[in-house]
Amino acid sequence: MAGRDLSREDALSRLDHKHACHILLYADSNAKLFGKIPIKHIVLMQMRFDGLLGFPGGLVKPSEESLEAGLSRELQEELGAAVPVTMEDYVSSHLAQSPPRLILHFYSKKITEAELLEIERAAVSNAVDHGFEVLGLTRVPLYTLRNGGGLPWFLSHSFISNSRAQLLEALQRLDLVSPQTLKEAVKKAEEMRH
Ligand code: GTP
Ligand code: MN
Ligand code: MN
Ligand code: MN
Ligand code: MN
Ligand code: MN
C-alpha cells in the first residue's frame, strides 16, 4: 500500500486523474453489547450497491470544487446529512491499483455519539442514494468474541479497492483497537478466508 501513497500536492497536480474522497466517521460510546461488552467506539462503513463494503464518499471534481466540498456533497447524497469536512480531517492520498488514473483521498472525523445516531437515522430517512448506490450504513465491530466473532469476521468480508487497508490503518492510528487485538483479528480473518 505504502508504495502507491502520494502527497496531497502531488495528487492534486495530476489533472488527468480522477479523484475520489471517502471518510471514516467515528464516535466514542459507553454502550455495551449484551449489556456487558463495552463497544467503546462506533465506526461507520457502508454496504455498497455492488455488495462490497466501503466508506461513504465518492468521486469529486477538483477543477470545480475543493476535495472537502466534493466529499461533503457526496456525504449529503449518501448519508442524507450535512457533515462539514475540513482539511484537518484529511489523512492520505493513494493511487488506486485499478482502474488506472484514479486517486483515492481518505479522511477521518470524530463526531459525537448523538451526531452519529442522527446520521444513522438520516441515512435511511433522508439520503437520496439509500437503497440504490448505498444499501445501508453499518457499524464495524471492534471487539473479538471468544469464538472469533466480531472484528475478525467483519474483516473477512470483501472490501472495495483499498478501503480495508484504510480501515486497518485508521483503527491503529486513532487507537480505536489495541495493536495486539488488531494484529490477532487480522490473523484470524486470514484463517477464516481460507
Ligand atoms: P456515484 O455517485 O454512483 O457515481 O459513485 P460515487 O461518486 O459515490 O463513487 P464511489 O464511492 O463508488 O467511489 C469511486 C471509486 O472509488 C469506486 O469505483 C472505487 O474504485 C473507489 N472507492 C469506493 N469506495 C471506496 C472506499 O471506501 N475506499 C477507497 N479507497 N476507495 C473507494
Ligand atoms: Mn456517491
Ligand atoms: Mn460513493
Ligand atoms: Mn458521485
Ligand atoms: Mn451518485
Ligand atoms: Mn480507545
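Numbering (the working numbering), first residue to last: 155 to 348. Positions of the beta carbon are idealized from the N, C-alpha and C atoms, including for glycine. Predicted, not measured: the structure shown is a model, and the values here were computed from it.
Since L249 and I314 should fall inside the 8 Å C-beta cutoff, what is the C-beta to C-beta distance between them, to a whole number of angstroms?
Here residue 249 corresponds to residue number 95 of the sequence shown, with the count starting at 1. Here residue 314 corresponds to residue number 160 of the sequence shown, with the count starting at 1. With a Cβ gap of about 16 Å, L249 and I314 do not count as contacting.
Note down the Cα distance separating V340 from L309, rounded to an integer number of angstroms.
Taking the first residue of the sequence shown as 1, we reach residue 340 at position 186. Taking the first residue of the sequence shown as 1, we reach residue 309 at position 155. Roughly 7 Å separates the two Cα atoms.
Tell whether a beta-carbon distance below 7 Å holds between R227 and H171.
What you label residue 227 is simply residue 73 of the sequence shown in a count that begins at 1. What you label residue 171 is simply residue 17 of the sequence shown in a count that begins at 1. For the 7 Å CB-CB criterion, R227 and H171 do not form a contact.
Please state the DSSP three-state secondary structure of F308.
The residue you call residue 308 lines up with position 154 of the sequence shown. Three-state result, F308: helix.
Residues near ligand 2, criterion Cβ-heavy atom distance below 7 Å
Listed along the chain, these residues meet the criterion: G212, E228, E231, E232, D283, E287.
I314: beta carbon under 6 Å from a heavy atom of ligand 7?
For ligand 7, the structure offers nothing, since it holds only ligand 1, ligand 2, ligand 3, ligand 4, ligand 5 and ligand 6.
Helix, strand or coil: which one does DSSP assign to G285?
Within the sequence shown, numbered from 1, the residue matching residue 285 stands at position 131. G285 falls in the coil class under three-state DSSP.
Close-in-space but distant-in-sequence residues of the same chain around I177 (CB under 8 Å, 5 per side omitted)
As a working note, residue 177 is residue 23 in the sequence shown. Counting only Cβ-Cβ distances below 8 Å, and skipping sequence neighbours, we find F209, P210, G211, L225, L229, V237, V239, D243, F260, Y261, S262, K263.
Can you pull the DSSP bridge partners for V214?
Within the sequence shown, the letter at position 60 stands for residue 214. Answer by DSSP bridge pairing, in chain order: H173.
Just to confirm, is the Cβ distance from C423 to L221 under 7 Å?
Any property of residue 423 remains undetermined from this structure, which presents the chain solely from 155 to 348.
Within 7 Å, strictly: CB atoms of A181 and I193:
Translated into the one-based positions of the sequence shown, residue 181 becomes position 27. Translated into the one-based positions of the sequence shown, residue 193 becomes position 39. Not closer than 7 Å, so no.
Is the beta carbon of K342 closer than 7 Å to that of G302?
The sequence position of residue 302 within the sequence shown is 148, counting from 1. The sequence position of residue 342 within the sequence shown is 188, counting from 1. Between G302 and K342, the gap from beta carbon to beta carbon is short of 7 Å.
So L330 is in the alpha helix (DSSP H); what residue range does that whole segment cover?
Position 176 of the sequence shown holds residue 330. Annotation for L330: no alpha helix (DSSP H) segment contains it, and DSSP assigns it neither H nor E.
Could you please give the first and the last residue of the uninterrupted alpha helix (DSSP H) stretch that includes S167?
Taking the sequence shown and counting its residues from 1, one reaches residue 167 at position 13. S167: member of the alpha helix (DSSP H) spanning 162-167, first to last residue.
Helix, strand or coil for V239 per DSSP?
On the sequence shown, position 85 is the one that residue 239 refers to. Of the three classes helix, strand and coil, the one that applies to V239 here is coil, per DSSP.
Cβ-heavy atom distance, S247 to ligand 1, below 6 Å
Within the sequence shown, the letter at position 93 stands for residue 247. Distances taken from the Cβ of S247 to the heavy atoms of ligand 1 include none shorter than 6 Å.
Flag this pair as yes or no: are the beta carbons of G223 and A276 separated by less than 7 Å?
Translated into positions along the sequence shown, residue 223 becomes position 69. Translated into positions along the sequence shown, residue 276 becomes position 122. Here residue 223 is Ala; the residue named in the question, Gly, does not match the sequence. Result no, Cβ atoms of A223 and A276 do not sit closer than 7 Å.
Considering only heavy atoms of ligand 1, does any lie closer than 6 Å to the CB of G189?
On the sequence shown, position 35 is the one that residue 189 refers to. No - ligand 1 has no heavy atom lying nearer than 6 Å to the Cβ of G189.
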